[in-house]
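Peer 1: Would you mind keeping the following structure in view while I ask a few things?
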Amino acid sequence: MWRFSGAMVCIGFKSERRPDIAGKLRDAIVFGLLPLETFPRCVASAVDPTAYGPTSEPRTDAPLDGPEASSVQATRRVFVREMIVRDQALRHSHGTCESCGNSAPFTRPSGEPYLEVHHIDRLADGGPDRIDRVAAICPNCHARCYYNADSASFNNALRQNIQSKAQVG
Ligand SMILES: [Zn+2]
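Residue numbers are given in my numbering: position 151 of the sequence shown equals residue 144, and the series is strictly consecutive.
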């Protein structure tokens, strides 16, 4: 039923309406995967964060080879941009959930506080991948964004909080 096709890096996920095993539509999580062998090149082009500002496009001029170069290049561009925005969001949060205000629930092996990055306007719906549209939040608040009975108003409160922070900072 399953076939191993190679080691992948998860570059993000989105929610889509997809049929289940019985053909009934439900919310499905679709993961974006990038072959592991392309990963070092993605990182190599992102190591200099001063090469581009938060609103400008990441550099895309690093050489690529192979038949799938153009799709890899497009995927890499999205990945690098997303990585920069995620990194900025996590740094701006100073280890504190930008929704409930609690400290990160635990620490990563690297010593970084564990918070998750939430896209307030989903990329899948055409939301911009910008620092004023993402929030670094704790896993509880992240789940609440999707599964709370009033997740829409929860998301709106989060959007206002992030936008007011962006105006101050
Ligand atoms: Zn929280």
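All residues carry an ideal CB built from backbone N, CA and C; glycine is no exception.
Helix, strand or coil: how does DSSP classify D20 here?
Peer 2: On the sequence shown, position 27 is the one that residue 20 refers to. Note: D20 maps to strand in three-state DSSP.
Peer 1: What's the gap between the Cα of D13 and the Cα of I130?
Peer 2: Counting from one through the sequence shown, the residue named residue 13 turns up at place 20. Counting from one through the sequence shown, the residue named residue 130 turns up at place 137. For D13 and I130, the distance between alpha carbons rounds to 30 angstroms.
Peer 1: In chain order, what residues of the same chain lie with their CB nearer than 6 angstroms to the CB of A21, ignoring the 5 residues before and after it?
Peer 2: Along the sequence shown, one-based indexing puts residue 21 at 28. Closer than 6 angstroms at the Cβ level, and outside the excluded window around A21, lie E9, R11.
Peer 1: Going along the chain, which unbroken runs of the beta strand (DSSP E) with 3 or more residues stay wholly within the stretch 73 to 129?
Peer 2: Fully enclosed beta strand (DSSP E) runs of 3 or longer: 109 to 112.
Peer 1: Based on the DSSP output, what are the partners of L27 in its beta bridges?
Peer 2: By one-based count along the sequence shown, residue 27 stands at place 34. For L27, which the question treats as bridged, DSSP gives the partners V2.
Peer 1: Would you identify the three-state DSSP class for R11, choosing helix, strand or coil?
Peer 2: Looking up residue 11 in the sequence shown gives position 18. Here R11 sits in strand by DSSP.
Peer 1: If we count the other Cβ atoms within 10 Å of its Cβ and call it buried at 16 or more, is R126 buried or exposed?
Peer 2: The sequence position of residue 126 within the sequence shown is 133, counting from 1. Buried: at least 16 other Cβ atoms inside 10 Å.
Peer 1: On the DSSP letters alone, give me the boundaries of the alpha helix (DSSP H) that C131 sits inside.
Peer 2: For the purposes of this step, residue 131 is identified with residue 138 of the sequence shown, where counting begins at 1. That residue, C131, is in no alpha helix (DSSP H); it is neither H nor E in DSSP.
Peer 1: Excluding sequence positions up to five away, which residues of its chain have a Cβ less than 8 angstroms from the Cβ of L26?
Peer 2: In the sequence shown, the residue the question calls residue 26 occupies position 33. Cβ within range, chain order: M1, V2, C3, I4.
Peer 1: State the DSSP-derived secondary structure class of N148, mapped to helix, strand or coil.
Peer 2: If you number the sequence shown from 1, residue 148 lands on position 155. Helix.
Peer 1: Just tell me which of A145, C93, G88 has its CA closest to the CA of T100.
Peer 2: Here residue 100 is taken as the residue at index 107 of the sequence shown, counted from 1. Comparing Cα-Cα distances from T100 to each of A145, C93, G88, the minimum goes to G88.
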